[in-house]
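Enquirer: Structure below; questions to follow.
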Amino acid sequence: MILFFFLLALSLYLLGTAGYIVYIVSQRKPFARVAYGILWAGFAAHSLAIAFGYYQTGYFPVRNLRESLSFFAWAVMGAYLIIQLRFNVRVLGSFLSPLAAIMMISSSFLPVPTGAVNPILRSFWLILHVVVAFAGNGIFAIAFLSGIMYLIQESRIKSKQLGAIYHRLPSLETLDALNYQCLIVGFPLMTLGLVSGSLYAHYTLGSFWRWDPKEVWSLITWLLYAALLHGRLVSGWRGRRSALLSILFFLVLVFSFLGMKFLVQGYHTFSAFQQG
């Protein structure tokens, strides 16, 4: 059942991607609306795959990179579907849907987790920590892509060679507003993720903070986004500076998510989730 809904979600994400590609080429809005509906169906199927997995195993699907990539894809897609309701940036779907599909395809080639499940995975605080942390990451992924689109659009305007790309991307004002809203929503989620993670660590390990490398890099990432949000709210940062920093800080976030799990040893590594 899990595999069925996983494959169904992946198929719908790919179909939605195709729909957005047709929309970009033809600029016909009905294709974007149909693609958006298909992505909602794919997200529902993906949610069922995660729910069935939790029901059958009793733990949240973050035991290894295979599960984490799939869950990240779910978070990215959910963030896009909700933000689209607010901003109606259709072209964003052509960036996000293939990203989610690539993560799911990549996860399908990774080993299936085996062995006993570590009891520390069965915790309410872990569920809260994972959900809000990944939700924040998904929103910051949208800020990352909006930053890339901002730089592309700005370069077209400065070169005075607008071309087809200029007409297919949102205005600089829309992209900057999208970037700002992602920070406003994503930062509290990241903060709640840190707090719930500390409570989870206290519940399972007896201390709120252990200076684990992943904890340190998560704190560094939080401080970077806090500085960016402060700059936007107090110092009036916007436009190119905000776009560049959103791109740079998301790369740091990805490093703290993946790099720390492979480059160092700590209780956040995937091997720590296996019961010894």
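In this note's numbering, each residue's number is its place in the sequence shown (first place is 1) plus 7.
Every residue gets a Cβ at the ideal spot worked out from N, C-alpha and C, and that includes glycine.
So, helix, strand or coil for Lys221, using DSSP?
Expert: Locating residue 221 in the sequence shown gives position 214, where the first residue counts as 1. Looking at Lys221 - three-state DSSP - the assignment turns out to be helix.
Enquirer: For the segment 67-87 and the segment 138-150, state whether three or more C-beta atom pairs, one from each stretch, are separated by less than 8 angstroms.
Expert: yes
Enquirer: Excluding sequence positions up to five away, which residues of its chain have a Cβ less than 8 angstroms from the Cβ of Phe12?
Expert: Here residue 12 refers to the residue found at position 5 when the sequence shown is read from its first residue. Hits under 8 angstroms: Ala52, His53, Leu55, Ala56 and Phe59.
Enquirer: How do the segment 62-73 and the segment 98-107 stand: do at least 3 beta-carbon pairs fall below 8 angstroms, yes or no?
Expert: Judged by Cβ distances under 8 angstroms, the segment 62-73 makes no contact with the segment 98-107, as fewer than three pairs qualify.
Enquirer: So which of Pro118, Ile89, Leu199 and Leu10 has the shortest CA-CA distance to Leu185?
Expert: Taking the first residue of the sequence shown as position 1, residue 185 is located at position 178. Of the candidates Pro118, Ile89, Leu199 and Leu10, the one whose C-alpha sits nearest the C-alpha of Leu185 is Ile89.
Enquirer: Taking DSSP as the reference, what is the three-state secondary structure of Phe264?
Expert: The sequence position of residue 264 within the sequence shown is 257, counting from 1. Reduced to three states, the DSSP call for Phe264 is helix.
Enquirer: Is it right to say Gly44 is buried, meaning 16 or more other beta carbons lie within 10 angstroms of its own, or is it exposed?
Expert: By 1-based counting over the sequence shown, the position of residue 44 is 37. Per the 10 Å Cβ criterion, exposed.
Enquirer: Let me make sure I understand the geometry here. Which of Leu76, Ala42 and Tyr20 has the alpha-carbon closest to that of Val29?
Expert: To locate residue 29, count along the sequence shown from 1; it is residue 22. Looking at the Cα atoms, Ala42 is the closest of the given residues.
Enquirer: What whole-angstrom Cβ distance do Ser263 and Thr211 have, given they're in contact under 8 angstroms?
Expert: As a first step, residue 263 is located in the sequence shown; it is residue number 256 there, counting from the start. As a first step, residue 211 is located in the sequence shown; it is residue number 204 there, counting from the start. No, Ser263 and Thr211 are not in contact; Cβ-Cβ is about 20 angstroms, not under 8 angstroms.
Enquirer: Look up Lys165 in the DSSP assignment and say whether it is helix, strand or coil.
Expert: Mapped onto the sequence shown, residue 165 falls at position 158. Of the three classes helix, strand and coil, the one that applies to Lys165 here is helix, per DSSP.
Enquirer: Start and end of the alpha helix (DSSP H) containing Pro195?
Expert: Taking the first residue of the sequence shown as 1, we reach residue 195 at position 188. It spans Leu179 to Leu212 - the alpha helix (DSSP H) in which Pro195 sits, taken as one unbroken run.
Enquirer: Under a three-way DSSP split, which group does Pro37 fall into?
Expert: Your numbering for residue 37 matches position 30 in the sequence shown. Helix, per DSSP.
Enquirer: List in chain order: all unbroken alpha helix (DSSP H) runs of 4+ residues lying wholly within the segment 57-138.
Expert: Whole alpha helix (DSSP H) segments, 4+ residues: 72-94 and 99-115.
Enquirer: Taking only three categories from DSSP, how would you classify Trp244?
Expert: By one-based count along the sequence shown, residue 244 stands at place 237. Coil at Trp244, not helix or strand.
Enquirer: Taking C-beta to C-beta, are Ile254 and Phe151 nearer than 7 angstroms?
Expert: Locating residue 254 in the sequence shown gives position 247, where the first residue counts as 1. Locating residue 151 in the sequence shown gives position 144, where the first residue counts as 1. For Ile254 and Phe151, yes; Cβs fall inside 7 angstroms.
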